[in-house]
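Since the structure comes first, as structure tokens, the remarks are kept for the end.
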Amino acid sequence: MIPRQFLAFAVLVCFAFPASAAAQSNSAQAAGAQSEDANHKLAREIYKELIEINTTDSVGNTTVAAEAMAKRLRDAGYAESDIFVGGPNPRKGNLVVRLHGTSKGAGARKPILLICHLDVVEARREDWSVDPFTFLEKDGYFYGRGTEDIKDGDAILMSAMIRMKREGYQPDRDIILALTADEEGGQSNGVAWLLANHPDLIAADFAVNPDAGVFELENGKKKLVGIEAAEKTYQDFELKVTNRGGHSSLPTTDNAIYQLSDGLARLQQFQFPFELNEVTREYFSRSAAILGGSLGADMKAIVQNPADAGAIARLSAMPYYNARMRTTCVPTMLQGGHARNALPGFAAANVNCRILPGHTSDEVQKVLVKVLNDPEISVTAIVAKGAGTEATAPSPLRPDVMGALEKVSAELWPGVPVVPQMDPGASDNSILRARGTPAYGVVGVFTDVEDDRSHGKDERIRAASFYGGVDFYYRFIKALSAGQ
Ligand SMILES: [Zn+2]
87 MIPRQFLAFA VLVCFAFPAS AAAQSNSAQA AGAQSEDANH KLAREIYKEL IEINTTDSVG
147 NTTVAAEAMA KRLRDAGYAE SDIFVGGPNP RKGNLVVRLH GTSKGAGARK PILLICHLDV
207 VEARREDWSV DPFTFLEKDG YFYGRGTEDI KDGDAILMSA MIRMKREGYQ PDRDIILALT
267 ADEEGGQSNG VAWLLANHPD LIAADFAVNP DAGVFELENG KKKLVGIEAA EKTYQDFELK
327 VTNRGGHSSL PTTDNAIYQL SDGLARLQQF QFPFELNEVT REYFSRSAAI LGGSLGADMK
387 AIVQNPADAG AIARLSAMPY YNARMRTTCV PTMLQGGHAR NALPGFAAAN VNCRILPGHT
447 SDEVQKVLVK VLNDPEISVT AIVAKGAGTE ATAPSPLRPD VMGALEKVSA ELWPGVPVVP
507 QMDPGASDNS ILRARGTPAY GVVGVFTDVE DDRSHGKDER IRAASFYGGV DFYYRFIKAL
567 SAGQ
């Protein structure tokens, strides 16, 4: 991915060298190019192998994928004692591998943890125009379930671990890779299982995860390099009104459906307060400069102190930005009554909340009770487990992580801005953050903002984006581990 004008410059420089130096320089370049090519080939092989191992929750098996990766690591020279495959049951295996760093003992830099999930969302052959579990390259795209979410990341990280081992690279700190089960659903989240059962295997200074954050392409042009450093918390509440009911030919003034509807109408009128954190403040500041125009001006106005109320209102009208400025709660399901000819004995709604980092579910529940303003509407938090269900704080925008990302990004994609992001959804990062390990979502692969097919039919990514991700991660991991 060397820009054309750089190549021309390199040729000129070579002519200026004495003959022997030029020959050396050429052969060094050739060797570098070859290993980059070889690495692309290896990454593609791993990618294909993973896509063709079904890792869905219904009939798939992440242990098969973890074992296949373990074999590749052994073949590349990793010691058996540095490879772990295990999980709560034979279908939900996780892989952990460690590349040892040079610094030991007191004062040593703590390891870096790379995480990425092996499982994929269900995919039915009849819904797709191609077989979701056969790797296919067509018209410059790779197709298959998991090509975008997130077997591309697994293959990219695996190829980097293998390349570093083969090259004899000595990082200044341990580099740990964990490929895990059940991020998309299921009962056996691999990150949670490893933390509960083998915490030492993945104890780290911070984690990097390709499964969050966005590298944006718009009309084929690279727009921004995102780093996800915060996520909202997921919380459902059941709202319920009960009533003695009765015959529908004799309506009463109290009615469970009206009563609940009135409460929901009050919720519709309510907005949680505007609030920024370190990550969203930086997101809006940097986006303001990229977008410019009236949108950029509004973003600039909301990061000022005090924030401009008019700008907040205009940005709040756009769901994408609104979700990044406040907690949201919205009804998603409705139930009520038991017969067409009876007064309803109950009415219930599910209200789904996405809570800003730094706030708790209890806090939000109290707000809901106040807004509904009717003691007969009960509000019950629905307990759920998994990614995103525990309150987390944003991970700090550390200079070492941001600096490495900005450096490598500038080398590969000069002029493309790096932008911190908060995801309104959730990934495995939230599980690590909830236990005190900062976690950063760095996808590495540029995707078209208008063509996001993750979880959908005919999932695909651009082949060039995949190879860009292979080059990026190899350099990024080295930048994080080559000493300061
Ligand atoms: Zn994912």
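Residues in the sequence shown are numbered consecutively from 87, following my numbering.
No residue lacks a Cβ here, since even glycine has one placed at the ideal position from N, Cα and C.
Thr478 beta carbon less than 7 Å from that of Pro524: Position 438 of the sequence shown, counted from the start, is the residue given in the question as residue 524. Position 392 of the sequence shown, counted from the start, is the residue given in the question as residue 478. Contact: no.
So, at 6 Å on beta carbons, what are the nonlocal neighbours of Arg184 in its own chain, with the 5 sequence-adjacent residues on each side left out? Locating residue 184 in the sequence shown gives position 98, where the first residue counts as 1. Around Arg184: Asp168, Asp260 and Ile262.
By alpha-carbon positions, which one of Val327, Asp322 and Asp448 ends up nearest to Ala470? By one-based count along the sequence shown, residue 470 stands at place 384. Nearest of Val327, Asp322 and Asp448 to Ala470, Cα basis: Asp322.
With a threshold of 16 other CB atoms inside 10 Å of the CB of Glu536, please say whether the residue is buried or exposed. Taking the first residue of the sequence shown as position 1, residue 536 is located at position 450. By the neighbour-count criterion, in which 16 or more other beta carbons inside 10 Å mark a residue as buried, Glu536 falls on the exposed side.
For Asp238 versus Val502, is the C-beta spacing smaller than 7 Å? Locating residue 238 in the sequence shown gives position 152, where the first residue counts as 1. Locating residue 502 in the sequence shown gives position 416, where the first residue counts as 1. Cβ distance not < 7 Å, so Asp238 and Val502 don't count as in contact.
If I measure Cβ to Cβ from Tyr560 and keep anything under 8 Å in the same chain, skipping five residues before and after, which residues do I get? If you number the sequence shown from 1, residue 560 lands on position 474. For Tyr560, the CB contacts under 8 Å within the same chain, skipping 5 residues up- and downstream, are Asn125, Ser245, Ala246, Arg249 and Met250 in chain order.
Nearest-residue set for ligand 1, Cβ under 6 Å from any heavy atom: For ligand 1, the residues with a Cβ under 6 Å from any of its heavy atoms are, in chain order, His203, Asp235, Ile236, Glu269 and Asp297.
Is DSSP giving Tyr227 helix, strand or coil here? Residue numbering aside, residue 227 sits at position 141 when the sequence shown is read from its first letter. Tyr227 falls in the strand class under three-state DSSP.
Taking the straight line between their C-alpha atoms, what separation do you get for Phe301 and Ser481? Within the sequence shown, numbered from 1, the residue matching residue 301 stands at position 215. Within the sequence shown, numbered from 1, the residue matching residue 481 stands at position 395. If I take the Cα positions, the gap works out to 19 Å.
Is it true that the stretch 220-234 meets the stretch 290-305, where meeting means three or more beta-carbon pairs spaced less than 8 Å apart? The stretch 220-234 vs the stretch 290-305: no contact.
Quick check on Phe562: does DSSP put it in helix, strand or coil? The residue you call residue 562 lines up with position 476 of the sequence shown. DSSP places Phe562 within a helical segment (H, G or I) once states are collapsed to three.
Below 8 Å on the Cβ atoms is my contact criterion, and I expect Asn175 with Ala152 to pass it. Report the Cβ-Cβ distance as a whole number of Å. As a position in the sequence shown, residue 175 is number 89, starting the count at 1. As a position in the sequence shown, residue 152 is number 66, starting the count at 1. With 8 Å as the limit, Asn175 and Ala152 do not qualify as a contact, their Cβ atoms being about 13 Å apart.
Drop a sphere of 10 angstroms on the beta-carbon of Asp240, count the other beta-carbons inside from all chains shown, and report buried for 16 or more, exposed for fewer. Here residue 240 corresponds to residue number 154 of the sequence shown, with the count starting at 1. Asp240 should be labelled buried.
Buried or exposed: which applies to Ser495, given that a residue is buried once 16 or more other Cβ atoms fall within 10 Å of its Cβ? On the sequence shown, residue 495 is found 409 positions in, with the first residue counted as 1. Result: buried.
Going by beta carbon distance, what residues of the same chain come within less than 6 Å of Gly555, once the five residues before and after it are set aside? Residue numbering aside, residue 555 sits at position 469 when the sequence shown is read from its first letter. If we look at Gly555 and ignore the five residues flanking it on each side, its Cβ neighbours are Ile242, Gly530 and Val531.
Using the three-state DSSP reduction, which class does Ala568 fall into: helix, strand or coil? Your numbering for residue 568 matches position 482 in the sequence shown. In this structure, Ala568 counts as coil in the three-state DSSP scheme.
Taking just the CA atoms, how far does Gly382 sit from Ile376? In the sequence shown, counting from the first residue as 1, residue 376 sits at position 290. In the sequence shown, counting from the first residue as 1, residue 382 sits at position 296. C-alpha of Ile376 to C-alpha of Gly382: approximately 8 Å in a straight line.
Counting pairs of Cβ atoms below 8 Å between the stretch 483-497 and the stretch 328-343, do you hit three or more? Because the criterion of three Cβ pairs below 8 Å is not met, the stretch 483-497 and the stretch 328-343 do not touch.
Would Thr141 pass as a contact of Asp205 if the rule is Cβ separation under 7 Å? Taking the first residue of the sequence shown as 1, we reach residue 141 at position 55. Taking the first residue of the sequence shown as 1, we reach residue 205 at position 119. Closer than 7 Å, so yes.
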